[in-house]
Amino acid sequence: REEIYQRYFDRLNASGFLFQEESGAWRFRSPREKVLVEDEICGNIEFDLSNPETHPDMTIRRPDGSWIFHFVNVVDDIEMKITHVIRGEDHLSNTPKHVELFKALGVQPPRYAHIPLILNPDGSKMSKRDQGASITTYIEGGYLPEAVRNYLCLLGWSPKDDREKIAIDEIVQRFELSNVNRKAASFDFDKCVWLNAEYMKEVSDERFHAYGREALQRGGIDLGRFPEEYTRAALETCKGKVRVFNELPAYAGFYFADEVSYNPEGVAKHFTPENKPRLQAVRDAFAGLETFDAAAVEATLKATAAQLGGKVGLLVHPTRLATTGGTAGPSLYHLLEVLGKEKVLARIDLALARPEFGG
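In this note's numbering, the protein residues as written are 5 to 363.
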C-alpha cells in the first residue's frame, strides 16, 4: 500500500498541510480550529485544537519513512469507502485529528460511534490477556458461537426488556447505535457460561455430538477405542447437564475409563460396611437381568430396595459411586444402560473388594 499512502501524502504536501522537521519527520500543520465530532453514541463533542501546546501538530511520517497510525487509518478509511467507524471510546481523543485529515484531503468524514469500554469485574479495563478477551477462550473452551455472540451483543446494549437470550436475527433487527449505553460494560464470565448452558439445552443432537466429541478428545480421551454408537449414547445422557462442552471430560470421563477414580467424600459416605450387602444385592439382581436397559435397571433397583425394606436412594448412591466414581452425573438408569451389563457388574465387583467395605 506504499504507493497509496505516498499519493495521499503528496496531496497534503501540495496543499501546504505538511512540513518537515530537522529530524526528518513530517508533521501535519493543523488549521488550529475547533473540530466538531458528531458521535452516534456520545453526541456532539467539540474539540478546541487552537493551542499548539496542548495539541501539537501531529507526526504522520517518521524519519525512517514509516507511517503513523493516524494517517494510514484515515487513508484506509477513504480507500475502503468506510461510512461508519465504530470503535472503543478510548479512541475518541484521536477523532478530531482524523477529522482534520479528512477535511484537508477534501473528503467527508465517516459517521463515528465510540462505544463504552469493557471492564473486568474489578473495574479495571479489560485487556487481551484477561479471561474472556481472546476468541480462543471460547473455541478451546467448548462454547457455542451463538451463545458467545448473544452475550457479546448484550455488553453495552439491551433490547429494553428483561430477556437475555435473544436470537441473532432479532438482535440485527432491533439494534440501533443510539441505544448503546454510555456507561462502560462489565464483563461477567459467569453469565456467559450460564447463557451458553441455555443454548446447549436446545442444540441439535448432531451438533451436541460433534462438539462433544471434540471436547472429549481435547480432554485426552481416545475415542478411537470405542464404537461410535457407544460414544453417541454416552453423550446423549449428558445433554442439558453441562454448561460448556469442556466440562464433558470430567462429567462423562467414566464412560471411557478402564478403571474409575472414586470421589473421596463419596467413598467415606457410601462405601460403608452397612452398604456392602445392599450393593451386593444390587449386583446379584443386575446379574439376573436378561434385558439391561434403563427401564429394567430402574425397576430392578426399586424392587431390590423394597426387598431390603428401604428406599431406592439407599441403593442409588453406592451404585452410582461404584460404577462412575462420582456422586453426581447423568441419570443413573440411563448411564448404566450405556455402560452395559458386563461393565457394570465388573465395576461393582471392584468396588465391593475395596477395604472400606471390609472386603
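Positions of the beta carbon are idealized from the N, C-alpha and C atoms, including for glycine.
These numbers were taken from a predicted model, which means no experiment stands behind them.
State yes or no: is the C-beta of residue i within less than 7 Å of the C-beta of residue j?
i: P125; j: A188; result: no
i: L22; j: V39; result: no
i: E93; j: H59; result: no
i: L199; j: Y142; result: no
i: K280; j: F361; result: yes
i: V348; j: L340; result: yes
i: G136; j: F193; result: yes
i: W71; j: Y12; result: no
i: E44; j: L181; result: yes
i: R33; j: D61; result: yes
i: A237; j: V316; result: no
i: Y337; j: A289; result: no
i: E42; j: N48; result: yes
i: K205; j: G244; result: yes
i: F191; j: I139; result: no
Going along the chain, which residues of its own chain have a beta-carbon closer than 6 Å to the beta-carbon of residue i, five neighbours each way excluded?
i: L239; result: H213 and G216
If I measure Cβ to Cβ from residue i and keep anything under 8 Å in the same chain, skipping five residues before and after, which residues do I get?
i: L252; result: G146, G216, A219, L220, G223, L239, C242 and V246
i: Y203; result: L148, E150, A151, N154 and K169
i: K195; result: Y155 and E168
DSSP beta-bridge partners for residue i?
i: A214; result: BP columns for A214 are empty, so no partner.
i: N48; result: E42
i: V348; result: According to DSSP, V348 bridges with nothing at all.
i: W71; result: R65
i: K129; result: L123
i: L22; result: F32
i: A117; result: I90
i: A189; result: I122
Take residue i and list the residues in its own chain whose beta-carbon comes closer than 7 Å to its own, dropping the five residues that flank it on each side.
i: L319; result: R282, V286, L305, T308 and A309
i: N183; result: W161
i: R358; result: F275
i: E83; result: I8
i: P35; result: E104
i: K345; result: F290, L293 and F296
i: F230; result: F260
Using a C-beta cutoff of 7 Å, does residue i count as contacting chain D?
i: Y142; result: The displayed structure is made up of one protein chain only, and chain D is not part of it.
Three CB pairs or more closer than 8 Å across the stretch 97-105 and the stretch 125-135
No, they do not touch.
Taking 8 Å as the cut-off, does the stretch 104-119 touch the stretch 78-90 (at least 3 CB pairs, one atom from each stretch)?
Touching, per the Cβ criterion.
Contact between the stretch 250-265 and the stretch 296-316 (3+ Cβ pairs under 8 Å)
Put simply, the stretch 250-265 does not touch the stretch 296-316. Fewer than three CB pairs are less than 8 Å apart.
Do the stretch 255-273 and the stretch 323-342 touch if we need at least three Cβ pairs shorter than 8 Å?
As far as the Cβ criterion goes, the stretch 255-273 touches the stretch 323-342, which means the pair count is three or higher.
For a minimum of 4 consecutive residues, which ranges assigned as the alpha helix (DSSP H) are wholly contained in the stretch 217-278?
Whole alpha helix (DSSP H) segments, 4+ residues: 232-240, 252-256 and 268-274.
Whether or not the stretch 63-71 and the stretch 23-36 are in contact is what I'm after, with contact meaning three or more pairs of Cβ atoms, one per stretch, closer than 8 Å; do they touch?
Judged by pairs of C-beta atoms under 8 Å, the stretch 23-36 touches the stretch 63-71, as three or more such pairs exist.
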